[in-house]
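Written out below as structure tokens is the structure these notes cover.
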Amino acid sequence: MIEAVADRLDGAPRQLRRRWSDEFKAQIVVEALEPGASVSAIARRIGIHPSQLFAWRRDARAELHCPSRPSSREVVVASVSGAVIEIAIGEVIVRADVDVDEAQLQRVIRAVRSA
Numbered sequence: 001m002i003e004a005v006a007d008r009l010d011g012a013p014r015q016l017r018r019r020w021s022d023e024f025k026a027q028i029v030v031e032a033l034e035p036g037a038s039v040s041a042i043a044r045r046i047g048i049h050p051s052q053l054f055a056w057r058r059d060a061r062a063e064l065h066c067p068s069r070p071s072s073r074e075v076v077v078a079s080v081s082g083a084v085i086e087i088a089i090g091e092v093i094v095r096a097d098v099d100v101d102e103a104q105l106q107r108v109i110r111a112v113r114s115a
């Protein structure tokens, strides 16, 4: 007969899964989509496996190319190049200067999302 004793079966401490915010994922995906960007280097820098970042990129591209697909979440990809901010919501791309009034930009984004 085998007797299990809890003290002897304790292993490594249990780690909870990390949860990344949608904003963080979008920022990293934008960085990974830049020409010449190394997905492996970016993944290593933030401490994830490259396959995770490839999956985030794949999901973001699928959302942008197939917005009619039913989804429980909305993917927003934002990038800053020079003095222009680009925000892609579905098939719509909103471009604004970096010094745009935040309240005005929020109104535009709300209007795009409700359309």
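Residues in the sequence shown are numbered from 1 upward in steps of one, following UniProt numbering. For glycine and all other residues, C-beta sits at the position ideal for the given N, C-alpha and C. Quick caveat, the model's predicted, so the values are computed rather than measured.
| Asked | Found |
| --- | --- |
| Buried versus exposed call for residue 56 [16 or more other C-beta atoms within 10 Å across all chains shown] | buried |
| Bridge partners - residue 92, DSSP secondary structure assignment | 89 |
| DSSP three-state assignment for residue 22, whether helix, strand or coil | helix |
| Where residue 84 falls: helix, strand or coil (DSSP) | strand |
| Classification of residue 16 by the beta-carbon crowding that lies within 10 angstroms, buried from 16 upward | exposed |
| Coarse secondary structure for residue 97, derived from DSSP in three states | strand |
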